[in-house]
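Participant:
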Amino acid sequence: MKLIRNDCIPNGSGTVTMVAEEPDDIWAGYNLIANGDFVSGDTTRKVLTTSSLGSGEGKNKALVARVNIKLEIKVMSTEYDKQGSVIRIKGKTTSTNAVESGAFHTLEIKLQKPFDLRKKVWNASAIDDVRRSCTNDSKGADLAVVLIQEGLANIFLVKKNVPSFCTQVEGGKKKSAGELKKFFEKVFVAFTRKVDICSTGRVVIAGPGSVKTEFQNYMISKAQRLERSIIAKRSCVMLVDTSSGSKQSLKEVLDAPTIKNTGKDSKDVIYKKFRDTLFKNEDCACYGTKNVESAAELGAVKTLLITDETLKNHNITLRRKYCNLVELVEKSGGYAHILTSTHASEKELGQMTGIAAILHYPLPDLDDM
């Protein structure tokens, strides 16, 4: 999702303007819009126009024509169409010059079509949803890389072996603890704005000396205080030695053996661990929606495996259920891994209901819950 405008205030009113750039953005938008919100966008509607029949009084004729117009409606209901990548929003128009207030209208949100979302109250959850939805570049990224040295940091995303530069952060080069903390804060803010940690495979912090380790400790400590999702993914954070924190050192990161051995194969390794656990100690692993849900409600899920096809179910109710399940596992300190068609194990897991879990501890009576 591309964020064009954001003037929302926590626990206050405001408007965001967004553009859905891919099908998953339509789903994200659908979950952001609630009854009572106000949505505006370009649409077509029949309106009264006048046509001149000649000179003199009484020569104007009223006509009905379908015109392109931007309308705002107060949301009464929403409908998500996965096949067409469309959100259909039904509601009543607010005051405009061309359409009377209170008229029923259906507004469609489509790909590459900007829309405004106005809420009377933006709670913390809604603001966080906007932030996560609009960190577009990191969706599906294999790696997020922070190259860091004293006073300089460069942040990259790597997707399908193609790196993209996100931003550069500069800070004071003084070695005082205060200056270093200010610099780390700037890097942390830039990182959380550019990287959606939940959908990124691994995070690499690279650089010379001890700065990278100090920043890793700062990031984890800061995330704990803010209850960020970084905590749930802390095992995915890796440290790599490089000669500097400059952009040129990215090649050193990508050539590092620990990085070359990660990627899509890592999720296949996790699936193999699930399968081995199931055969050796079946009470410490489970599969199927009912069993995994029961284990997650107990906070017992250590590792969740779910296929992309299962997570993005055509059925809206099921899709929301699986999204909530992933969120529950991560909030409980577990790790969620989404297997796509690029993973060799995706087909096999799909044949086993599409969802499975490795547990923190045995649950022998899980089938009876």
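Heads up: the sequence shown begins at 9 in the working numbering, then just goes up one per residue. Ideal placement from N, C-alpha and C gives every residue a C-beta, glycine not left out. Since this is a predicted model, take the numbers as computed values, not measurements.
Whose C-beta lies closer than 7 Å to the C-beta of M227 among residues of the same chain, with five residues either side of it excluded?
Facilitator: The answer, listed in chain order, is F196 and I238.
Participant: In the DSSP assignment, find the alpha helix (DSSP H) that holds Q157 and state where it starts and stops.
Facilitator: No alpha helix (DSSP H) holds Q157; the beta strand (DSSP E) holding it covers L151 to Q157.
Participant: Give the DSSP-derived three-state secondary structure of N162 in the structure shown.
Facilitator: Strand, per DSSP.
Participant: Note down, in chain order, each residue of its chain lying with its Cβ closer than 7 Å to the Cβ of V177, except the 5 sequence neighbours on either side.
Facilitator: Excluding positions up to five away in sequence, the list reads A161, K194, V195 and A198.
Participant: Using the C-alpha atoms, what's the distance from A344 back to E338?
Facilitator: Computed Cα separation, rounded: 7 Å.
Participant: E317 lies in the alpha helix (DSSP H); which residues open and close that run?
Facilitator: Element bounds for E317: D316 to L319.
Participant: My understanding is that F123 touches V47, with C-beta atoms under 8 Å, so please give their C-beta distance in whole angstroms.
Facilitator: The pair is a contact, with the Cβ atoms about 6 Å apart (cut-off 8 Å).
Participant: By a C-beta neighbour count over all protein chains shown, 10 Å radius and 16 as the cutoff for buried, is G92 buried or exposed?
Facilitator: Exposed is the call here.
Participant: Would you report the Cα separation of F173 and F287, rounded to the nearest angstrom?
Facilitator: Going by the C-alpha atoms only, they are around 44 Å apart.
Participant: Is it true that the CB of L40 sits closer than 8 Å to the CB of D136?
Facilitator: Cβ atoms of D136 and L40: not closer than 8 Å.
Participant: Let me know the secondary structure DSSP gives K220 once reduced to three states.
Facilitator: It is helical.
Participant: Thinking just about the alpha-carbon of each residue, which of T315, N225 and C16 is nearest to the one in E356?
Facilitator: Residue T315 is the option with its Cα nearest to E356.
Participant: Within the same chain, show all residues whose beta-carbon is closer than 6 Å to that of V27, passing over the 5 residues directly before and after it, in chain order.
Facilitator: Here the set comprises K10 and P122.
Participant: Can you find at least 3 beta carbon pairs, one from the stretch 15–32 and one from the stretch 74–88, that sit closer than 8 Å?
Facilitator: No, the stretch 15–32 does not touch the stretch 74–88.
Participant: Rank G159, P171, V300 and L262 by C-alpha distance to the C-alpha of M377 and give the top, closest one.
Facilitator: That would be V300, whose Cα lies nearest to the Cα of M377.
Participant: Can you tell me whether S184 is buried or exposed, with buried defined as 16 or more other CB within 10 angstroms of its CB?
Facilitator: Counting Cβ neighbours within 10 Å, S184 comes out exposed, since fewer than 16 surround it.
Participant: Would you call the CB atoms of V107 and V55 closer than 8 Å?
Facilitator: Contact flag set, yes.
Participant: Per DSSP, what are the beta-bridge partners of R126 in this structure?
Facilitator: BP columns for R126 point to T23 and F46.
Participant: Please report the residue range of the alpha helix (DSSP H) in which C331 lies.
Facilitator: Start and end: I324 to K339.
Participant: So what's Y369 in DSSP terms, helix, strand or just coil?
Facilitator: Three-state result, Y369: coil.
Participant: Using CA coordinates, which residue listed in K280, G217, T285 and A264 is at the minimum distance from P253?
Facilitator: Position check: residue 253 holds Gly in this sequence, whereas Pro was assumed. Nearest of K280, G217, T285 and A264 to G253, Cα basis: G217.
Participant: From G44 to Y38, what distance separates their C-alpha atoms?
Facilitator: Going from the Cα of G44 to the Cα of Y38 covers about 14 Å.
Participant: Measuring straight from C-alpha to C-alpha, what distance separates N208 and K202?
Facilitator: According to the sequence as given, residue 208 is Thr; it is not Asn. One C-alpha to the other measures close to 11 Å.
Participant: In chain order, what residues of the same chain have a beta carbon less than 6 Å from the beta carbon of W130, not counting five sequence neighbours either side?
Facilitator: Excluding residues within five positions, the ones whose Cβ falls inside 6 Å are C16 and G22.
Participant: Restricting to Cα atoms, I'd like to know which of I95, P370, L347 and K128 is closest to Q359.
Facilitator: Considering only alpha carbons, the answer is L347.
Participant: Report, in whole angstroms, the separation of the C-beta atoms of L188 and S257, which I expect to be a contact under 8 Å.
Facilitator: About 20 Å separates the two Cβ atoms, so there is no contact after all.
Participant: With 16 other CB atoms within 10 Å as the buried threshold, where does A132 fall?
Facilitator: Result: exposed.
Participant: By Cβ distance below 7 Å, which residues in the same chain neighbour D263 in space, the five residues on each side in sequence not counted?
Facilitator: For D263, where only same-chain residues beyond five positions count, there are no Cβ hits under 7 Å.
Participant: Could you tell me the alpha carbon to alpha carbon distance between G118 and A134, rounded to whole angstroms?
Facilitator: According to the sequence displayed, residue 118 carries Lys and not Gly. Cα to Cα, K118 sits roughly 21 Å from A134.
Participant: Can you tell me the Cα-Cα spacing of K329 and L374, whole angstroms?
Facilitator: Rounded to whole angstroms, K329 to L374 spans 19 Å at the Cα level.
Participant: Have a look at V166 and R53 and give me their C-alpha separation to the nearest angstrom.
Facilitator: C-alpha separation (whole angstroms): 44 Å.
Participant: Excluding five sequence neighbours on each side, which residues of the same chain lie with their C-beta closer than 6 Å to the C-beta of C142?
Facilitator: Counting only Cβ-Cβ distances below 6 Å, and skipping sequence neighbours, we find M9 and L11.
Participant: Out of D276, Q157, I205 and A303, which one is the CA nearest neighbour of S251?
Facilitator: Closest option to S251, Cα to Cα, is Q157.
Participant: How many angstroms separate the CA atom of D249 from the CA atom of G215?
Facilitator: If I take the Cα positions, the gap works out to 5 Å.
Participant: Straight-line CA distance for L333 to T57?
Facilitator: Approximately 52 Å, taken between the alpha carbons.
Participant: Answer yes or no: do K298 and I366 have a C-beta to C-beta separation smaller than 8 Å?
Facilitator: The answer is no: Cβ separation not under 8 Å.
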